[in-house]
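These notes concern the structure reproduced below.
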Amino acid sequence: MKCILMKTKNIKITSGKKNRSFSKGLILIIGIEKNDTAEKSTKLSKIIKKTAIFNDHENKIKISPSDNTEILVVPNFTLVGEVKKGKVPDFSNSMKGIQANKIFKDVCKKLKNEKFKVFEGFFGEYMQVKNTIDGPVIYSFEL
Numbered sequence: 454m455k456c457i458l459m460k461t462k463n464i465k466i467t468s469g470k471k472n473r474s475f476s477k478g479l480i481l482i483i484g485i486e487k488n489d490t491a492e493k494s495t496k497l498s499k500i501i502k503k504t505a506i507f508n509d510h511e512n513k514i515k516i517s518p519s520d521n522t523e524i525l526v527v528p529n530f531t532l533v534g535e536v537k538k539g540k541v542p543d544f545s546n547s548m549k550g551i552q553a554n555k556i557f558k559d560v561c562k563k564l565k566n567e568k569f570k571v572f573e574g575f576f577g578e579y580m581q582v583k584n585t586i587d588g589p590v591i592y593s594f595e596l
C-alpha cells in the first residue's frame with residue numbers, strides 16, 4: 454500500500470456530475486497493491502491519526518489530526534505503477550478492481566473508526582481533484 458497524505462484547503466473532487474467538497478483538511482491518495490490486507494488498513498488509519506500535520510501556536514508542525522478532521526480518500530492505482538525501463542509504467546503490482554475496492558472501503562471505514570470525517574473518492578472512475586496544498590505539508594507512506 455502506497456499513500457500520499459497532504460494538508461490542504463479548498464478541496465473539491467468531481468466525477469461526471471458527482472462531486473464532494475470541503476474547505477480544509479486532508480487528502481489521502483492511496484494505491485492498493487496485490488498483497489494489501491485489512492491489517493494494513495488498520496495500521497494506516499492509526500499512523501494518520503498520530504502523525505503531526507498541523508501547526509501549533511509557534512507555527513511548528515506538532516499537532517496530529519483531531520476528531521472530525523475532514524479527509525478526502527482518493528483511490529489511485531497509478532501510485533503503485535513503476536517505470537523501470539522505457540516510458541510505459543508497469544501496473545502489475547496493483548490489486549485488481551473488486552478486491553482493491555474492498556480494501557479501499559476498509560481504509561475509509563477504519564478512518565471513520567478513528568473519528569475522521571471521511572469523504573470518499575470515486576473508485577474506478579475518472580476524477581478531477583482540485584485543492585490548495587497548505588504548507589506545503591505532504592507525507593508519503595508505504596506499508
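For the sequence shown, the working numbering gives the first residue as 454, with consecutive numbering after it.
Even glycine gets a Cβ: it sits at the ideal position worked out from N, Cα and C.
Worksheet item: In whole angstroms, what is the alpha-carbon distance linking Pro-528 and Ile-516?
Response: Position 75 of the sequence shown holds residue 528. Position 63 of the sequence shown holds residue 516. Approximately 26 Å between the Cα atoms of the pair.
Discussion item. With a threshold of 6 Å on Cβ separation, who are the neighbours of Phe-507 within its own chain once the five nearest residues in sequence on each side are excluded?
Written reply: Walking along the sequence shown from the start, residue 507 turns up at place 54. Cβ within range, chain order: Ile-516.
Discussion item. Comparing C-alpha positions only, which one of Ile-464, Ile-483 and Ser-468 sits nearest to Val-474?
Written reply: For this step, residue 474 is matched to residue 21 along the sequence shown. Reading off the sequence, residue 474 comes out as Ser, not Val. Nearest option by C-alpha distance: Ile-464.
Worksheet entry | Any chain D beta carbon closer than 8 Å to Ile-591 | Chain labels in this structure do not include chain D; a single protein chain is all it has.
Worksheet entry | Supposed close pair Phe-569, Thr-522 - CB separation, criterion 8 Å | Your numbering for residue 569 matches position 116 in the sequence shown. Your numbering for residue 522 matches position 69 in the sequence shown. Cβ-Cβ separation between Phe-569 and Thr-522: approximately 6 Å, consistent with a contact (criterion under 8 Å).
Worksheet item: Going by beta carbon distance, what residues of the same chain come within less than 6 Å of Gly-534, once the five residues before and after it are set aside?
Response: Indexing the sequence shown from 1 puts residue 534 at position 81. Only Pro-542 and Phe-544 meet the Cβ criterion.
Practice prompt. Buried or exposed for Gly-469, please, with buried defined as at least 16 other CB atoms from any protein chain shown within 10 angstroms of its CB.
Written response: Working through the sequence shown from its first residue, we reach residue 469 at position 16. It counts as exposed.
Worksheet entry | N- and C-terminal bounds of the beta strand (DSSP E) containing Phe-572 | Within the sequence shown, residue 572 is the residue found at index 119, counting from 1. Per DSSP, Phe-572 belongs to the beta strand (DSSP E) from 570-573.
Discussion item. So the candidates are Asn-472, Leu-458, Met-459 and Thr-461; which of them puts its Cα closest to the Cα of Met-580?
Written reply: On the sequence shown, position 127 is the one that residue 580 refers to. Of the candidates Asn-472, Leu-458, Met-459 and Thr-461, the one whose C-alpha sits nearest the C-alpha of Met-580 is Asn-472.
Practice prompt. Alpha carbon to alpha carbon, how far is Lys-477 from Pro-589? Give it in angstroms, no decimals.
Written response: As a working mapping, residue 589 is identified with position 136 in the sequence shown. As a working mapping, residue 477 is identified with position 24 in the sequence shown. For Pro-589 and Lys-477, the distance between alpha carbons rounds to 13 Å.
Worksheet item: Are the beta-carbon atoms belonging to Ile-480 and Asn-584 less than 8 Å from one another?
Response: Mapped onto the sequence shown, residue 480 falls at position 27. Mapped onto the sequence shown, residue 584 falls at position 131. With respect to Asn-584, Ile-480 sits close: the two C-beta atoms are nearer than 8 Å.
Discussion item. So for Val-533, helix, strand or coil by DSSP?
Written reply: Here the question's residue 533 lines up with position 80 in the sequence shown. In this structure, Val-533 counts as helix in the three-state DSSP scheme.
Discussion item. Less than 6 Å between C-beta atoms, sequence neighbours within five positions excluded: which residues of the same chain meet that for Glu-567?
Written reply: Within the sequence shown, the letter at position 114 stands for residue 567. So the list reads Ser-498 and Lys-502, once near-sequence residues are dropped.
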